[in-house]
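What follows is a single structure, written as structure tokens, with notes after it.
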Amino acid sequence: MKWNNKLKFQADMILGEEVSEERYNEMLEVLPPQAMVANAFLVGEPTDHVGGRARYELYFIRDGKHYSGGLVSEPDFKLWLIPANY
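Take the sequence shown: its position 27, counted from the start at 1, is 26 in numbering that gives the first Met the number 0, and no numbers get skipped.
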């Protein structure tokens, strides 16, 4: 999964740490995202591996603010997706 604008991340379910728009864009552009939906992405290179799963830095937008959501595996990221028109 690379990019899907028909899905969005349920950002209201994750606390996250607020980051600047500049930092969000920097992380978006540093490498092609591992996965990306309408309001969130996983940075394109894993930060670590746990239980045989690669974990990536999560970034998302909620209520017009930009957040870092910690480390997430791609399968776990997919569990939090809903239709973008929701």
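All C-beta atoms, glycine included, are put in the ideal place defined by N, C-alpha and C.
Small disclaimer: the values here were computed from a predicted structure and weren't measured.
Use the C-beta contact count for residue i: other C-beta atoms within 10 angstroms, 16 or more gives buried, fewer gives exposed.
i: His48; result: exposed
i: Arg52; result: exposed
i: Leu14; result: exposed
i: Glu16; result: exposed
i: Glu56; result: buried
What would DSSP say about residue i, mapped onto helix, strand or coil?
i: Val29; result: helix
i: Glu73; result: helix
i: Glu44; result: coil
Within the same chain, show all residues whose beta-carbon is closer than 8 Å to that of residue i, passing over the 5 residues directly before and after it, in chain order.
i: Glu20; result: His65
i: Arg54; result: Pro45, Thr46, Asp47, His48, Leu70, Val71 and Ser72
To which residues of the same chain is residue i closer than 6 Å at the C-beta, ignoring the five residues directly before and after it?
i: Leu30; result: Gly43 and Glu44
i: Gly50; result: none
i: Tyr23; result: Tyr58 and His65
From which residue to which residue does the beta strand (DSSP E) around residue i run?
i: Ala39; result: Ala39 to Leu41
i: Leu14; result: Leu14 -> no beta strand (DSSP E), and no H or E assigned at all.
i: Pro82; result: Leu80 to Pro82
Kindly examine the ligand HEM and report whether one of its heavy atoms sits closer than 7 Å to the Cβ of residue i.
i: Leu41; result: Absent from the structure shown: the ligand HEM. Ligands present: none.
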